[in-house]
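Heads up: the structure comes next, in structure tokens.
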């Protein structure tokens with residue numbers, strides 16, 4: 021292994037400051053050292069090898085302005101428990117019909133928990149639509165085989181969710197304080213879905229910025245455990 025002396029350090033730092041390093045072979049050629057030397061020097065500088073995040077898309081000026089406008093509107097809400105408890109949010113996920121639980125178990129010291137079969141990637145999957153709030157799942161539906169999760173299907177789910185809200189949270193509906201937060205996928209934003217929300221005049225849409233890099237609330241916890 022070669023040594024990168026002081027004469028190379030300035031060139032190395034200049035190269036690394038321009039952009040996150042991706043090709044150690046090219047850098048080794050540029051500095052006149054072998055690739056292992058570059059690897060070791062990167063470790064010495066506490067560099068780690070990470071894949072860059074891919075942004076969803078580059079926003080137009082109008083889309084960026086819309087994001088700012090919606091974010092400002094959201095900040096006008098009282099950001100406390102009263103606000104969070106009003107929110108109802110949906111998501112969809114493909115799940116296995118038979119989902120083997122591989123989570124840790126509490127067992128006596130020295131014993132091994134019973135083994136669990138490995139999940140077969142070719143096992144049957146089904147899509148589930150879930151609506152939830154601060155207390156947990158309000159409503160879910162398994163999408164029948166061959167059925168498309170379009171605006172019509174979304175409207176059918178809305179009827180089910182609304183019935184649950186009327187039954188379990190009547191005061192929330194009566195005061196028109198139920199906030200539905202959805203991302204911008206077509207089943208949620210189509211005209212049919214918009215008309216459905218107009219019919220349900222006891223609920224309100226909580227705006228979501230177009231092409232927002234923020235993940236939907238269920239992605240933080242709910243869908244990870246499914």
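In the numbering used here, the protein residues as written are 21 to 246. No residue lacks a Cβ here, since even glycine has one placed at the ideal position from N, Cα and C.
Short of 6 angstroms from the beta carbon of residue 178, and not among the five residues preceding or following it, lie these beta carbons of its own chain, in chain order: 216. Between residue 106 and residue 229, the CB-CB gap reaches or exceeds 8 angstroms. For residue 79, the three-state secondary structure derived from DSSP is coil.
Here DSSP, grouped into helix, strand and coil, assigns residue 229 to coil.
Going by beta carbons, residue 110 and residue 151 fall inside the 8 angstroms limit.
With at least 16 other beta carbons inside 10 angstroms of its own, residue 149 counts as buried.
Separation of residue 54 and residue 66 (C-alpha to C-alpha, rounded to the nearest whole angstrom) is 19 angstroms.
Rounded to whole angstroms, the separation of the alpha carbons of residue 79 and residue 52 is 42 angstroms.
The three-state secondary structure of residue 170, taken from DSSP, is coil. With at least 16 other beta carbons inside 10 angstroms of its own, residue 200 counts as buried. For the options 213, 132, 60 and 146, the alpha carbon positioned closest to that of residue 171 is the one of 213. Of the candidates 68, 155 and 181, the residue whose Cα lies closest to the Cα of residue 101 is 155. Residue 110 sits in a strand when the DSSP states are folded into three classes. Beta-bridge partners of residue 160 (DSSP): 150. DSSP places residue 103 in the uninterrupted alpha helix (DSSP H) bounded by 101-104.
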